[in-house]
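Take a look at the structure below.
Chains as they are written, first to last, in our numbering: chain A, 6 to 407; chain B, 2 to 354.
In structure tokens, the structure reads:
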């Protein structure tokens, strides 16, 4: 039990909620589950009650035991059934920074021992194997071996200008590994001197943050900073928006950091990357951590629009109003059914555009949408923006593009 | 880090802050006006009525006016509609706020948006934090806090608003144009009222009331019910076009000068505790705060600031004290709604007794 899990700013903001309920109107979890207890407004009112029971006159009268363990457990269930998509924060007319508050609240729940068992698993995996799936970290760059024309150095060099930080999902999930494969091909085509960190890449720490284990990210951060320094690189690029946002917000500002959409956009603008015509109509899904989280709406659209022959049609809900795919906030591990229900709303939105494919810029969104589409036999092609660009690389032999 | 010597730091570029910056800059003071929003005036958190007199006083270009208002119609359950003369305008608040800031800038005030005042050191230095840049320190001689109902500057001075009412509002299409603001009392809108302010082809429909506690209808449900009623009455139609919320101070009169800190507008509780009206008071008090701040700086005599408290309380004190007293009565006796309500609304003679 700790008030110290919250910043002074957050404690002040708890009282700024007018109870208008606009956050509930846009919450993907509330809409999918039809349960108002998953909304921000409910969560905040409960949180205020908990805070009052810990300090102030209520605590003096009733002792700090006013809340039973059972009650806390029930509340905690609603706290973790959230994708951390941040749409509530974007809708809040009082300007409460809800997303950070939810992270602090998760940490508080962990400190109260009222949290899902999966959280322990995340913590153990990261402590032992430095990746979220408890795989052997030595195998982080094994996907390179699956590439038909991988160079001898296997993209791991002692020194390079740029480090490509792959992220756990892209490194280990077969369905997502096509993303780093596409990106290295793009970087090669543009003549970028880059390296992977291989086994020296540890989880960025984002799953810890989402699991309410903010106080245990430090080792990961320190290690990753040193690993990049050792390569003498000035720039770090990310294909995972969560890793990117994590570095933006929680890492010391040592390097220039780019999401691939920003980096590839610069390559295209400066003429280093030449692309052929692709005739395709696509729509674009803003990943929560890249769009609402990092405010990057422009670069991915510029990349898509600059590929000759590609037509972009916007989703009904786009940019800051984009619907979450259901894959964020560790929700998939905690309530897979709710995650899939949220994905349904997303896919419906996509189908209404009539596009051939939905392009996004996040391996987790690709995974969630692909899985939903496959299980429910929806015919829509899902691809990452790196895969779209890869298809268009000029003068490339199309036969090996997969 | 450089510490530019501003005479006056104004925090918050709403009507109070801009009026203060304008008044102080006109007297030659070196004024810095900071605003935490990226764009002045947005998002709008207001029902957007101003009394006609205020427009005349300000003499700004009228581009912000949407329509004229002739009066106010009060709807009370089981009673005839009461019409009161209340000439005024419905405005586009964001344009109004922007026009005021432009005037302050023209008078010489420096304006910085997307900048928060985040801390004050004991010696009076203030740390400002721009959204896209490093925090820096300024050393103003006077600080004017016009940063809204949940004021940060007020917190530094040790005075916070203790009686805030939540307000929620939606903008909906109007069935037919209206020339009056409409006020609705209803037992469900606890110790508050609902409003329908016509704004050209649309209307601001909202309510302010006590924050519901356990077992009571949520603010949102009450608003949904109110909107349904207005639709049944044929006043509005269609789906909401926009929505907003905010806190409305309903404070007793209290001093607004604390050392070198002055408060104005919502931050000082300069709102009418019954009607919630605040723009006129904000502009009036903002101007006064700016005037005395500039005078104190010019004379290097901080005791001059105290005159601000005297003057604004002289102007608004009686009105605000009565309204606050009525509000306490209203909150205590809401269960006997019928018997007290006429004493608690400005349109009735009983209110002034």
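Ideal placement from N, C-alpha and C gives every residue a C-beta, glycine not left out.
| Item | Value |
| --- | --- |
| Validate contact between the stretch 279 to 298 of chain B and the stretch 12 to 23 of chain B using beta carbons, cut 8 Å, 3 pairs | yes |
| For residue 266 of chain A, the three-state DSSP class (helix, strand or coil) | helix |
| Straight-line Cα distance separating residue 69 of chain B from residue 385 of chain A | 53 Å |
| Cβ neighbours of residue 297 of chain B in the same chain (closer than 6 Å, five flanking residues each side left out) | 303, 305 and 306 |
| Interface residues of the stretch 14 to 36 of chain A facing chain B [CB-CB below 7 Å] | 21, 23, 24, 25, 26 and 27 |
| Inter-residue Cα distance where the pair is residue 334 of chain A and residue 163 of chain A | 34 Å |
| Chain-ordered chain B contacts of residue 257 of chain A [CB-CB under 8 Å] | What residue 257 of chain A touches in chain B: nothing, since even the nearest Cβ is about 14 Å away. |
| Proximity to residue 279 of chain B [Cα-Cα], best of B:47, B:187, B:193 and B:6 | B:47 |
| Under the three-state DSSP convention, the category residue 392 of chain A falls into | helix |
| Proximity to residue 178 of chain B [Cα-Cα], best of B:203, B:271 and B:340 | B:203 |
| Cβ of residue 168 of chain B within 9 Å of any chain A Cβ | yes |
| 8 Å Cβ cut-off: residues of chain A touching residue 247 of chain B | 23, 98 and 99 |
| Bridge partner(s) assigned by DSSP for residue 361 of chain B | Nothing about residue 361 of chain B can be read from this structure; chain B reaches only from 2 to 354. |
| Ranges of the beta strand (DSSP E) found wholly within the stretch 247 to 322 of chain B, counting only runs of at least 3 | 262 to 264 |
| Under 9 Å (Cβ pairs) to chain A, residues found in the stretch 241 to 274 of chain B | 244, 245, 246, 247 and 248 |
| Where residue 113 of chain B falls: helix, strand or coil (DSSP) | strand |
| Per-residue DSSP class, three states only, for residue 167 of chain B | strand |
| CB contact below 9 Å: residue 11 of chain A versus chain B | no |
| Beta-carbon proximity of residue 50 of chain B to residue 90 of chain B, cut-off 9 Å | yes |
| Residues from the stretch 38 to 59 of chain B in contact with chain A, defined by Cβ distance under 7 Å | 44 and 46 |
| Buried or exposed by the 16-neighbour rule on C-beta atoms within 10 Å, applied to residue 403 of chain A | Reliability fails at residue 403 of chain A, whose pLDDT of 49 lies under 50, so the model's placement of it is uncertain and no value is given. |
| Cβ pair residue 328 of chain B, residue 192 of chain B closer than 9 Å | yes |
| Sequence-distant residues of the same chain with beta carbon closer than 6 Å to residue 284 of chain A, five excluded per side | 314 |
| Within 9 Å, strictly: CB atoms of residue 356 of chain B and residue 263 of chain B | Absent from the model: residue 356 of chain B. The displayed extent of chain B is 2 to 354, so no value can be given. |
| Boundaries of the alpha helix (DSSP H) in which residue 344 of chain A is found, first to last residue | 341 to 356 |
| Same chain, Cβ closer than 6 Å to residue 61 of chain B, neighbours up to 5 away in sequence not counted | 100 |
| Beta carbon proximity, residue 5 of chain A to chain B, threshold 9 Å | No answer is possible for residue 5 of chain A: the residues shown for chain A start at 6 and end at 407. |
| Supposed close pair residue 186 of chain B, residue 78 of chain B - CB separation, criterion 8 Å | 7 Å |
| Segments of 3+ residues assigned as beta strand (DSSP E) that fall wholly inside the stretch 8 to 93 of chain B | 9 to 12, 32 to 35, 50 to 52, 66 to 76 and 83 to 92 |
| Beta-bridge pairing of residue 184 of chain B - partner residues as DSSP gives them | B:75 and B:196 |
| Cβ separation of residue 187 of chain A and residue 281 of chain A, assumed to be a contact under 8 Å, to the nearest whole Å | Not really, about 15 Å apart at Cβ, beyond 8 Å. |
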